[in-house]
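Taking it in order: structure first as C-alpha cells, then the write-up.
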Amino acid sequence: MTNKGGANGSFFGNHIYENLLARRSHLQYELSQVVDFSFVRNICRDFYVDWGRYAWDPVLMFKMVFLQFLYDLSDREVKEQITFNMAFKWFLGPSAEEFPPDHTTLCRFRQRLGADGFRTFFNAVVEQARSQGFVSDRLHILDV
38 MTNKGGANGS FFGNHIYENL LARRSHLQYE LSQVVDFSFV RNICRDFYVD
88 WGRYAWDPVL MFKMVFLQFL YDLSDREVKE QITFNMAFKW FLGPSAEEFP
138 PDHTTLCRFR QRLGADGFRT FFNAVVEQAR SQGFVSDRLH ILDV
C-alpha cells in the first residue's frame, strides 16, 4: 500500500520555497517545471500490495535516487541534504517538518526495482526533459 505522496505543505506553505528557488533559477526548481515524475507510481504499482502499513511514495523515493545520481551522493549523504537543504526538500515535496526516509529504506527501494527498473525511470526522465528542450543531444566537451 503506498501513500499518494505529493507536497503536504508546511505551516508556511510551499509558497516560500517556490519564491526562493524560482528567483535563483535553481536546478531542482527547473526540473520540477519540466519533468512530471508521477509516471513512477504507475511503473511501481506491481511492487506494492493494497494492505498493510503505508509505504513511502515511490515518486519521493525515485527523486531521492535521482538526486543521488545528480550530485554523486551516498544514501546517508542524500538523507542529510534532504534534511537540511531547502532546495532538496522542496524538490521531494514533503513539508519542512517531515524527515526523509532513512538510508536502509532507500537501499531497499533500489534493490526492489533493480537495474532495469531504474534504467526505465531515468530514460523516461531524460525523454521528458528532451521533449521540453531542457536537455539537448548536442555534445559538449570541456578541457579541464
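Oh and the sequence shown: position 69 is 106 in the working numbering, straight run, nothing missing. The C-beta atom is built at its ideal place from N, Cα and C for all residues, glycine as well.
Can you tell which of the options has its C-alpha closest to the C-alpha of residue i?
{"i": "Thr-141", "options": "Leu-179, Phe-155, Phe-159 and Met-101", "result": "Met-101"}
{"i": "Val-71", "options": "Ile-178, Asp-153, Ala-161 and Arg-175", "result": "Ala-161"}
{"i": "Asp-153", "options": "Ser-69, Pro-137 and Cys-81", "result": "Cys-81"}
{"i": "Ser-69", "options": "Asp-174, Glu-135 and Val-163", "result": "Val-163"}
{"i": "Leu-143", "options": "Val-115, Ser-168 and Ala-166", "result": "Val-115"}
{"i": "Arg-78", "options": "Met-98, Ser-111 and Arg-156", "result": "Met-98"}
Mind checking whether residue i and residue j have CB atoms under 9 Å apart?
{"i": "Gly-130", "j": "Val-96", "result": "yes"}
{"i": "Phe-128", "j": "Gln-65", "result": "yes"}
{"i": "Leu-104", "j": "Ile-119", "result": "yes"}
{"i": "Trp-93", "j": "Phe-146", "result": "yes"}
{"i": "Gln-165", "j": "Asp-73", "result": "yes"}
Taking the alpha helix (DSSP H) that residue i falls in, what are its first and last residues?
{"i": "Val-96", "result": "95-108"}
{"i": "Gly-130", "result": "Premise fails: Gly-130 is in no alpha helix (DSSP H) and is neither H nor E."}
{"i": "Asn-118", "result": "Note that residue 118 corresponds to Gln in the displayed sequence, not to Asn. Here the alpha helix (DSSP H) through Gln-118 covers 112-121."}
{"i": "Gly-89", "result": "Looking at the DSSP string, Gly-89 is not in any alpha helix (DSSP H), and its letter there is neither H nor E."}
What separation, rounded to the nearest whole angstrom, lies between the Cα atoms of residue i and residue j?
{"i": "Gly-43", "j": "Gly-170", "result": "At Gly-43, the pLDDT of 45 sits below 50, so the modelled position is not reliable; the number obtained from the coordinates is stated separately. Approximately 25 Å, taken between the alpha carbons."}
{"i": "Gln-148", "j": "Leu-179", "result": "35 Å"}
{"i": "Gly-88", "j": "Asp-174", "result": "In the sequence under discussion, the amino acid at residue 88 is Trp, which differs from the Gly named in the question. Answer to the nearest angstrom: the Cα atoms are 44 Å apart."}
{"i": "Met-123", "j": "Phe-84", "result": "30 Å"}
{"i": "Ser-111", "j": "Asp-139", "result": "12 Å"}
{"i": "Phe-76", "j": "Ser-168", "result": "16 Å"}
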